[in-house]
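Notes to accompany the following structure.
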Amino acid sequence: MSETGICIVGAGLSGLAVAASLQAEGRDVTVLEARDRAGGRVLSWRGYDLGPAWIWPHNRRMLALVERLGLRCFPQYAQGRLVFEAGDGTIRRDLDFATMGGALRIEGGLARVTDALARQLGDRLVLGQAVRRVTEDAAGVTLICDSAEIRAERVVLALPPRLVGGLGVAVPDAPTWMAGHAKLVATYPTAFWRDTGLNGDAMSHRGPLAEIHDASLAEGGEGALFGFALPGAAGHPGFQEAALAQLARLFGPDAATPRDVIVKDWSTDPATATQADRTPPAGHPTYRAIAPTARLIFAGTETSPDEGGFLEGALAAAEAAYMRLGRSVA
Numbered sequence: 040m041s042e043t044g045i046c047i048v049g050a051g052l053s054g055l056a057v058a059a060s061l062q063a064e065g066r067d068v069t070v071l072e073a074r075d076r077a078g079g080r081v082l083s084w085r086g087y088d089l090g091p092a093w094i095w096p097h098n099r100r101m102l103a104l105v106e107r108l109g110l111r112c113f114p115q116y117a118q119g120r121l122v123f124e125a126g127d128g129t130i131r132r133d134l135d136f137a138t139m140g141g142a143l144r145i146e147g148g149l150a151r152v153t154d155a156l157a158r159q160l161g162d163r164l165v166l167g168q169a170v171r172r173v174t175e176d177a178a179g180v181t182l183i184c185d186s187a188e189i190r191a192e193r194v195v196l197a198l199p200p201r202l203v204g205g206l207g208v209a210v211p212d213a214p215t216w217m218a219g220h221a222k223l224v225a226t227y228p229t230a231f232w233r234d235t236g237l238n239g240d241a242m243s244h245r246g247p248l249a250e251i252h253d254a255s256l257a258e259g260g261e262g263a264l265f266g267f268a269l270p271g272a273a274g275h276p277g278f279q280e281a282a283l284a285q286l287a288r289l290f291g292p293d294a295a296t297p298r299d300v301i302v303k304d305w306s307t308d309p310a311t312a313t314q315a316d317r318t319p320p321a322g323h324p325t326y327r328a329i330a331p332t333a334r335l336i337f338a339g340t341e342t343s344p345d346e347g348g349f350l351e352g353a354l355a356a357a358e359a360a361y362m363r364l365g366r367s368v369a
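Residues 40 to 369, numbered by the numbering used here, are exactly what the sequence shown covers, in order.
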């Protein structure tokens, strides 16, 4: 059995941020991650974000982290008109506004943030090590993993509450934000829709994509669109073909023949979603902090009352967890 001072379960943004703060103090910390990569729901492919993408001007923690890591933001493209598709197939292209005006993205993709934090941890980060059970006693915490048993003085569970519940730890139920959704990215030689006065935003009541935005990279050249699929749609046969047909309806025939298409269905990712998450909440949930025990502390964006579900919420939760770790065990 290996031993560590503080063990963080989950190398998403929240877990990595807690670890970075502890590492800066020289604390004994180990981070366990079930996936073969760090980042959690932060995932980029060739600079395109398959998970969260946007930072907002009021997100002071995220903006400070980006600056500290030496990364750069650029504005979400918002010049032009929005497309709206009604359930009966009627399409409007005369709506002169953008839904994501003011949003910022990271040059090279948001995973540059989590990758940078992961690199700083070095061998303190253990990938491919899924934790199956967590047991707390008066002297410490035992973590049963697929290929190891670890003993820690204190543990930070930086996971969605529904995944924490699967480890034998009782916590209040809370939906995992965006876990029931899939995201499709289609790339093109150019952002041709801009030439017709469209900004890449589209809302559809017909689907299979409910919400679409311009995903083009900062440096210009190749264009891209991304869309969030209606719940469950990505698992249907023919989803990709139907999505490309929809893009062609909304943005013209050039949208039917992308260079590349990639789909990430988060609802089928066991390191993100449970069966309950396949039915997404009707609106944005109200997230609450989870009270710690003597040796268990909870992080992750779904545990933050401040911007819960968002990137900023992940950092707010990390901040709260770090502060709790500064207190002695009762």
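Quick reminder that beta carbons are idealized off the backbone N, C-alpha and C, glycines included.
- Pick from R158, L164, A157 and S186 that is closest to R171, judged by C-alpha positions: Here residue 171 is taken as the residue at index 132 of the sequence shown, counted from 1. Of the candidates R158, L164, A157 and S186, S186 places its Cα closest to the Cα of R171.
- Message: Just to confirm the assignment, what range does the alpha helix (DSSP H) spanning L256 have?
- Response: Position 217 of the sequence shown, counted from the first residue, corresponds to residue 256. Note, L256: premise wrong, no alpha helix (DSSP H); not H, not E.
- Local Cβ density within 10 Å of M362, reported as buried at 16 or more and exposed below that: As a working mapping, residue 362 is identified with position 323 in the sequence shown. Around the beta carbon of M362, a 10 Å sphere encloses fewer than 16 other beta carbons of the protein chains shown; the residue is thus reported as exposed.
- Query: Do the segment 82-100 and the segment 143-162 meet, that is, are 3 or more Cβ pairs less than 8 angstroms apart?
  - Reply: Between the segment 82-100 and the segment 143-162 there are three or more inter-stretch CB-CB distances shorter than 8 angstroms, so the stretches are counted as touching.
- Leaving out the 5 sequence neighbours to the left and right, which residues in its chain are closer than 6 angstroms to V122 when beta-carbon positions are compared? If you number the sequence shown from 1, residue 122 lands on position 83. Within the same chain, V122 has close Cβ partners R132, A241 and L289.
- Message: So the candidates are G109, G179 and M139; which of them puts its Cα closest to the Cα of R120?
- Response: The residue labelled residue 120 in the question sits at position 81 within the sequence shown. Here the closest residue by C-alpha is M139.
- Message: Our contact map puts W216 next to G348 with C-beta atoms below 8 angstroms; I'd like the distance itself, whole angstroms only.
- Response: Working through the sequence shown from its first residue, we reach residue 216 at position 177. Working through the sequence shown from its first residue, we reach residue 348 at position 309. About 3 angstroms; that satisfies the 8 angstroms criterion.
- Evaluate V368 with the Cβ neighbour count: other Cβ atoms within 10 Å of its Cβ, from every protein chain shown; 16 or more gives buried, anything less gives exposed. Translated into the one-based positions of the sequence shown, residue 368 becomes position 329. Residue placement at V368 is poorly supported in this model, since its pLDDT is 42, which falls under 50; the coordinates still yield a value, given next. Result: exposed.
- Message: I'd like to check one pair, A59 with I47: are the Cβ atoms closer than 7 angstroms?
- Response: Position 8 of the sequence shown, counted from the start, is the residue given in the question as residue 47. Position 20 of the sequence shown, counted from the start, is the residue given in the question as residue 59. Their beta carbons are not under 7 angstroms apart, which means I47 does not touch A59 by this criterion.
- Query: Under a three-way DSSP split, which group does A294 fall into?
  - Reply: By 1-based counting over the sequence shown, the position of residue 294 is 255. Note: A294 maps to helix in three-state DSSP.
- Do you know whose CA, among G54, T313 and K222, lies nearest D154's CA? Residue numbering aside, residue 154 sits at position 115 when the sequence shown is read from its first letter. Shortest Cα-Cα distance from D154 to any of G54, T313 and K222 involves G54.
- Message: Quick check on Q118: buried or exposed, where buried means 16 or more other Cβ atoms within 10 Å of its Cβ?
- Response: Mapped onto the sequence shown, residue 118 falls at position 79. It is exposed - the Cβ of Q118 has fewer than 16 other Cβ atoms within 10 Å.
- Message: So, for T226: in the same chain, excluding its five sequence neighbours on each side, which residues have a beta-carbon less than 6 angstroms away from its beta-carbon?
- Response: In the sequence shown, counting from the first residue as 1, residue 226 sits at position 187. Within its own chain, the residues whose Cβ lies closer than 6 angstroms to the Cβ of T226, once the five positions on either side in sequence are excluded, are E261, A263, P297, R298 and D299, listed in chain order.
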